[in-house]
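Participant: Protein chains in written order, with our numbering: chain U, 1 to 133; chain H, 1001 to 1133.
2 protein chains.
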Amino acid sequence: MRRARRTDPLTGISPAQLSALSVLMSGPKTLGELAAAEQVRPPTMSRLVSEMERAGVARKVTDRDDGRVVRVHATAKGLRALERGRAMRIEAIERLVADLDGGDLGTLDRAVAVIEDMLGTRAAPWRSRPKPK
Amino acid sequence: MRRARRTDPLTGISPAQLSALSVLMSGPKTLGELAAAEQVRPPTMSRLVSEMERAGVARKVTDRDDGRVVRVHATAKGLRALERGRAMRIEAIERLVADLDGGDLGTLDRAVAVIEDMLGTRAAPWRSRPKPK
DNA sequence: GCAATTAGTTAGCCTTGCTAACTAATATCA
DNA sequence: TGATATTAGTTAGCAAGGCTAACTAATTGC
């Protein structure tokens, strides 16, 4: 992913924004939840979300019942950008793993499962799973 | 490593500096070599090395035969700091993997070997290898 | 010996992290 | 009920660590 990330700027959206968008893919989040999910402090996320709103990839909506909370939504444009970024990441990774044999792929797949379990995350929504064929 | 990195500041040396130091552990490198090894542009490494010299963890030596090239050496202080950082990273990772069983550890070890081979790197000098017991 | 190339540096910008201090809204409780 | 706490987010300002463009100095080559 460190290598794949270098290709992201082509979408015109920064890596941090794409990462936050990927969290919003599963539905709106409050700013604080988003900061926690991205392991970042609230001020950092506040600024990032403001930039995302200016870029048209996210929307801030103040909660009706509690005027303090801000709910962040991804826009259609944001989801499209995410999809483009995702496609580029997947392509980059596919090029990397293209020459591996089935055994090595199986090893990587099992290792990913071990790590997800270890960290208690299932944090990557773009994670490719073995497709039932 | 992303999580482990957060504990590094305790050494008083930045993550980028520790990473560069780890490359120097195997001997002096020219500034350009160091930049390439760290996948960074020369100006970035130039500034980083200057800061490292100010911090007393590295030394710049101009080549006698070619006055353009600068050779970067780690100092004893730098190596000690690296060692402390390494110990903290290893501890952090050990805490993470502490609850895994032997099979899962084997899976991770095989996956690391697959990835090293795939990327053509053996880039982590602090990499723990199965010890002949 | 002059032009081209090469290694590094300087200047200036951007992104993305942080803390401290603030505002506004809600919750608590005497 | 009204003063005080707490909570969610924002603003301001700083630092690290990336980048490109443009420069200097040294070496190479014709």
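Just so you know, even glycine gets a beta-carbon here, dropped at the ideal spot from N, CA and C.
Taking only runs of the beta strand (DSSP E) that begin and end inside the segment 8-74 of chain U, which ones reach a length of at least 3 residues, in chain order?
Facilitator: Runs of the beta strand (DSSP E) inside the segment 8-74 of chain U: 58-62, 70-74.
Participant: Taking 9 Å as the CB-CB cut-off, is H/R1041 touching chain U?
Facilitator: It does not: the Cβ of H/R1041 has no partner Cβ on chain U nearer than 9 Å.
Participant: Pull up the CB-CB distance for U/K60 and U/V70, whole angstroms please, since I reckon it's below 8 Å.
Facilitator: Indeed they touch by this definition, with Cβ atoms about 5 Å apart.
Participant: For chain H, find out if any of its Cβ atoms is closer than 9 Å to the Cβ of U/A20; answer yes or no.
Facilitator: Answer no: the Cβ-Cβ gap between U/A20 and chain H never drops below 9 Å.
Participant: Kindly indicate which three-state DSSP category H/A1124 falls into: helix, strand or coil?
Facilitator: The pLDDT assigned to H/A1124 is 43, lower than 50, so where the model puts this residue is not dependable; a value taken from the coordinates is nonetheless given after this. DSSP places H/A1124 in coil when its eight states are reduced to three.
Participant: Going by beta carbon distance, what residues of the same chain come within less than 7 Å of U/K77, once the five residues before and after it are set aside?
Facilitator: Contacts found: G56, V57.
Participant: Just the C-alpha distance for U/E33 and H/D1099, rounded to the nearest angstrom, thanks.
Facilitator: Those two C-alpha atoms are separated by around 28 Å.
Participant: Measure the C-alpha to C-alpha separation of U/G27 and U/M118 and round it to an integer number of angstroms.
Facilitator: For U/G27 and U/M118, the distance between alpha carbons rounds to 25 Å.
Participant: State yes or no: is the C-beta of U/M52 within less than 9 Å of the C-beta of U/A20?
Facilitator: Contact flag set, yes.
Participant: Report the three-state DSSP secondary structure of U/A98 (helix, strand or coil).
Facilitator: Note: U/A98 maps to coil in three-state DSSP.
Participant: Using a C-beta to C-beta distance shorter than 8 Å, which residues of chain H count as neighbours of U/V97?
Facilitator: Result: M1118.
Participant: Please work out which residues of its chain come closer than 7 Å, Cβ to Cβ, to U/A16, disregarding the five sequence neighbours upstream and downstream, and give them in chain order.
Facilitator: Once the five neighbours on either side are set aside, the close Cβ partners of U/A16 are L48.
Participant: What residues of chain H sit near U/A36, judged by a beta carbon separation below 7 Å?
Facilitator: Within 7 Å Cβ-Cβ: nothing; U/A36 doesn't reach chain H, min ~14 Å.
Participant: Let's test the definition: count the other Cβ atoms within 10 Å of the Cβ of H/I1090 and tell me whether it reaches 16, buried, or not, exposed.
Facilitator: That one is exposed.
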